[in-house]
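Shown next, in C-alpha cells, is the structure this report addresses.
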Amino acid sequence: MGATCSSGGTKTLAVNLSYTELEYPQKILMVGPSGAGKTHLLYSWKLGCDNVVEPVQTSDFNVEQVRASSGHSFMVFDLSGSPNFRVKRRQFYQGTEGIVFVVDSTCLDTKEMDDAKQDLVSVLHDRDLIHTPLLVLGNKQDLSGALPLDELETALGLKAAMTTKRPWKTMEVCSLSEESVQMALDGLVQLIGSSDLVTTRSNISTATTELVTPRPGVTTTKQDVVKIDVPKAWTK
Numbered sequence: 080m081g082a083t084c085s086s087g088g089t090k091t092l093a094v095n096l097s098y099t100e101l102e103y104p105q106k107i108l109m110v111g112p113s114g115a116g117k118t119h120l121l122y123s124w125k126l127g128c129d130n131v132v133e134p135v136q137t138s139d140f141n142v143e144q145v146r147a148s149s150g151h152s153f154m155v156f157d158l159s160g161s162p163n164f165r166v167k168r169r170q171f172y173q174g175t176e177g178i179v180f181v182v183d184s185t186c187l188d189t190k191e192m193d194d195a196k197q198d199l200v201s202v203l204h205d206r207d208l209i210h211t212p213l214l215v216l217g218n219k220q221d222l223s224g225a226l227p228l229d230e231l232e233t234a235l236g237l238k239a240a241m242t243t244k245r246p247w248k249t250m251e252v253c254s255l256s257e258e259s260v261q262m263a264l265d266g267l268v269q270l271i272g273s274s275d276l277v278t279t280r281s282n283i284s285t286a287t288t289e290l291v292t293p294r295p296g297v298t299t300t301k302q303d304v305v306k307i308d309v310p311k312a313w314t315k
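For the sequence shown, this note's numbering assigns the number 80 to the initial residue and increments by one for each residue that follows.
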C-alpha cells in the first residue's frame with residue numbers, strides 16, 4: 080500500500096471536510112530515530128522550508144499546529160528519538176489519530192536500521208495505537224545513496240509489522256523542498272481521511288478552546304490551542 084512522491088507542479092488537495100475537521104486539529108505523533116529530520120520537517124510544515132533554520136537536536140519534544148492546503152489542521156507532537164526519551168513517550172499516545180514515522184533514507188548502517196525497525200514495531204504494537212493510521216516518510220531522498228521505497232519498506236519490515244487493520248502508506252520526502260514537504264502533508268490528510276478510525280472526541284461540536292500553559296520556548300495563542308489531552312510534562 081505504498082505511495083511515492085511524484086514530480087510536477089504543486090497541486091491543491093481537494094478533500095471534503097466537516098466544520099469540526101477544519102476547526103479542531105487532529106493529534107499526530109511524529110516519531111523516528113534521532114537525526115532523521117523530524118523537527119526540520121515539522122517546522123517546514125509550520126513556517127515553510129525557506130524560513131526554517133537548522134534545528135538543534137530535540138531532547139524531549141516539540142509541538143506545533145500545522146494546516147494543510149486543504150484546510151485540514153493537525154496538532155503535531157514531534158517526539159525525540161533518543162533512547163533516553165523513548166521510555167517516556169507513552170504519555171503522549173492517548174488520543175492520537177495519526178502516526179508519522181520519519182526515517183533517514185540514506186542510513187545504510189544495519190544496526191541503526193534494525194534499531195529503527197524495532198522502534199517502529201514497539202510503537203505499532205502499543206495498545207493505544209493499535210489501529211492508528213501510519214505514514215512512513217523516507218527522508219533525505221535528495222541525497223545520493225538514498226534507499227528507494229521498496230528497499231526501505233523491506234529494511235523496516237513494514238509488511239510483516241502490519242498485523243492489524245491499520246491504514247498505512249510510505250512516501251519519499253525531501254525536507255528542503257517545499258513541494259515535497261507539502262505533498263507529505265497532503266498524504267497525511269489523504270491517509271487519515273481514508274481511515275475508518277472513529278474519532279475519540281466527545282461533544283466536539285460544543286467543545287470550547289482553552290489556554291494551556293506551554294513549556295518554555297513554546298508560543299501559543301488562543302486560536303492555536305484547543306482542548307486536548309496534554310501530558311503533565313507540558314505544564315511543568
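Idealized CB from N, CA, C, for every residue including glycine.
If residue i sits next to residue j, beta carbons under 8 angstroms apart, how far is it from one beta carbon to the other, in whole angstroms?
{"i": "L214", "j": "K248", "result": "6 angstroms"}
{"i": "F180", "j": "V131", "result": "No, F180 and V131 are not in contact; Cβ-Cβ is about 21 angstroms, not under 8 angstroms."}
{"i": "T185", "j": "L235", "result": "About 14 angstroms separates the two Cβ atoms, so there is no contact after all."}
{"i": "S254", "j": "S123", "result": "6 angstroms"}
{"i": "R165", "j": "D198", "result": "7 angstroms"}
{"i": "D157", "j": "F140", "result": "6 angstroms"}
{"i": "D129", "j": "T175", "result": "No, D129 and T175 are not in contact; Cβ-Cβ is about 30 angstroms, not under 8 angstroms."}
So what does DSSP say about residue i, is it helix, strand or coil?
{"i": "M262", "result": "helix"}
{"i": "R146", "result": "strand"}
{"i": "L121", "result": "helix"}
{"i": "V166", "result": "coil"}
{"i": "T243", "result": "coil"}
{"i": "K190", "result": "helix"}
{"i": "T249", "result": "strand"}
{"i": "S184", "result": "coil"}
{"i": "Q197", "result": "helix"}
{"i": "K219", "result": "coil"}
{"i": "G116", "result": "coil"}
{"i": "A225", "result": "coil"}
{"i": "D205", "result": "coil"}
Determine which residues share a DSSP beta bridge with residue i and list them.
{"i": "M109", "result": "D157, V179"}
{"i": "N67", "result": "Coverage of the chain is limited to positions 80 through 315, which leaves residue 67 absent and any answer about it impossible."}
{"i": "F140", "result": "L158"}
{"i": "V268", "result": "Per DSSP, none; premise fails for V268."}
{"i": "L214", "result": "V179, K248"}
{"i": "S254", "result": "Partner(s): none; S254 has no beta bridge."}
{"i": "S152", "result": "R146"}
Would you mind working out which of the options sits nearest residue i, comparing C-alpha positions?
{"i": "P212", "options": "T243, S223, S201", "result": "T243"}
{"i": "S203", "options": "P227, P104, L108", "result": "The sequence shown places Leu at residue 203, not Ser. Per the Cα distances, L108."}
{"i": "I78", "options": "M241, A147, V260", "result": "Because the chain spans 80 through 315 in this model, residue 78 falls outside it and cannot be assessed."}
{"i": "P112", "options": "V200, A147, D205, K106", "result": "V200"}
{"i": "Q173", "options": "V252, E143, S256, K106", "result": "K106"}
{"i": "T383", "options": "P227, Y103, S148, V155", "result": "No statement about residue 383 is possible, as the shown extent of the chain runs from 80 to 315 and does not include it."}
{"i": "E191", "options": "L264, P162, E176", "result": "P162"}
{"i": "E133", "options": "G116, I178, D193", "result": "G116"}
{"i": "D121", "options": "V145, T233, S159", "result": "The question names Asp, but residue 121 is Leu in the sequence shown. For L121, the nearest C-alpha among the options comes from V145."}
{"i": "S273", "options": "P246, E251, D157, V260", "result": "P246"}
{"i": "L187", "options": "D205, P227, V260, S159", "result": "P227"}
{"i": "T233", "options": "D207, V260, A195", "result": "A195"}
{"i": "T220", "options": "V182, G266, G177, Q261", "result": "Looking at the sequence itself, residue 220 is Gln, so the reference to Thr does not match. Among V182, G266, G177, Q261, the Cα nearest to that of Q220 is on V182."}
{"i": "V260", "options": "P104, G114, K125, Y103", "result": "K125"}
Expressed to the nearest angstrom, what Euclidean distance is found between the alpha-carbon atoms of residue i and residue j?
{"i": "A225", "j": "T189", "result": "14 angstroms"}
{"i": "G217", "j": "G150", "result": "25 angstroms"}
{"i": "G127", "j": "L264", "result": "12 angstroms"}
{"i": "E251", "j": "V268", "result": "16 angstroms"}
{"i": "T137", "j": "S159", "result": "5 angstroms"}
{"i": "K167", "j": "S152", "result": "26 angstroms"}
Taking only beta-carbon positions, decide if residue i is within less than 8 angstroms of chain B.
{"i": "T175", "result": "Here there is only one protein chain, and chain B is not present."}
Is residue i near the ligand ZN, going by C-beta to nearest heavy atom under 7 angstroms?
{"i": "Q173", "result": "Among the components of this structure there are no ligands whatsoever, and the ligand ZN is therefore not found."}
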